[in-house]
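Numbering (my numbering), first residue to last: 46 to 247.
Taking it in order: structure first as structure tokens, then the write-up.
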Ligand SMILES: [Zn+2]
Ligand SMILES: [Zn+2]
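This is how it looks when you write it as structure tokens:
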């Protein structure tokens with residue numbers, strides 16, 4: 046995945062606005078995990094980041110258009126993505142490193158991120174927050190955030206249309222475009238579960 050890490054120390058005190066339209070942010074994980082989504086209209090994320098003492102406020106919006114297989118007939122179902130989000134990302138815990146001391150025995154600060162006990166940060170999402178490997182302090186990942194928000198924006202059961210008839214359970218024909226000769230049992234589906242049950246007499 047194309048990673049966009051923003052060091053929190055680079056964000057203005059009043060917060061920073063970021064626009065992301067690099068499709069690889071979404072296309073990368075879609076390809077990597079072989080997900081059945083196609084970007085139809087470029088995705089675009091706007092993110093506002095506001096660092097706090099113990100984490101970062103995140104607010105933004107993700108828009109675009111994608112297609113995903115219909116939950117009933119598996120044909121491509123186009124859907125508009127217009128998803129607003131508002132969350133709080135806690136800081137990651139400082140890695141445990143021995144305090145470096147100079148010849149006179151003075152302690153030297155190792156990183157600029159606030160110190161805190163590790164157990165306060167159990168909920169840290171490592172795809173979104175990290176301690177910079179190059180000594181930039183805490184960093185937040187715009188790409189990680191926007192990928193997670195993309196997943197949250199997707200409907201659980203995409204449908205090509207609300208009236209999609211789905212596939213015939215016997216022969217698999219798409220009942221939106223063809224009818225088949227299978228005799229599907231009609232009737233109250235709640236009663237179907239009871240068919241075949243016999244009542245034992247004692
Ligand atoms: Zn369908
Ligand atoms: Zn059929």
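Built from N, CA and C at the ideal position, the CB exists for glycine as well.
Ligand 2: which residues have Cβ under 6 Å from any of its heavy atoms, chain order? 213, 215, 216, 218, 225 and 227
Do residue 127 and residue 202 have their CB atoms nearer than 8 Å? no
Counting pairs of Cβ atoms below 8 Å between the stretch 188-205 and the stretch 102-118, do you hit three or more? yes
Please state whether DSSP places residue 63 in a helix, a strand or coil. strand
Apart from the five residues just before and just after residue 157, which ones in its own chain have a Cβ nearer than 6 Å to its Cβ? Confidence at residue 157 is low in this model, with a pLDDT of 47, below 50, so its placement is unreliable and the value that follows should be read with caution. Excluding residues within five positions, the ones whose Cβ falls inside 6 Å are 182.
According to DSSP, is residue 109 part of a helix, a strand, or is it coil? strand
What three-state label does DSSP hand residue 196 in the structure shown? helix
Quick one: is the Cβ of residue 204 within less than 7 Å of any heavy atom of ligand 1? yes
Looking at the unbroken alpha helix (DSSP H) that takes in residue 74, where does it start and where does it end? 69-77
Between residue 101 and residue 134, is the Cβ-Cβ spacing less than 8 Å? yes
Just to confirm my understanding: we take residue 185, look at its own chain, exclude 5 residues before and 5 after, and list those with CB closer than 8 Å. What are they? 50, 51, 53, 94, 101, 103, 134, 173 and 174
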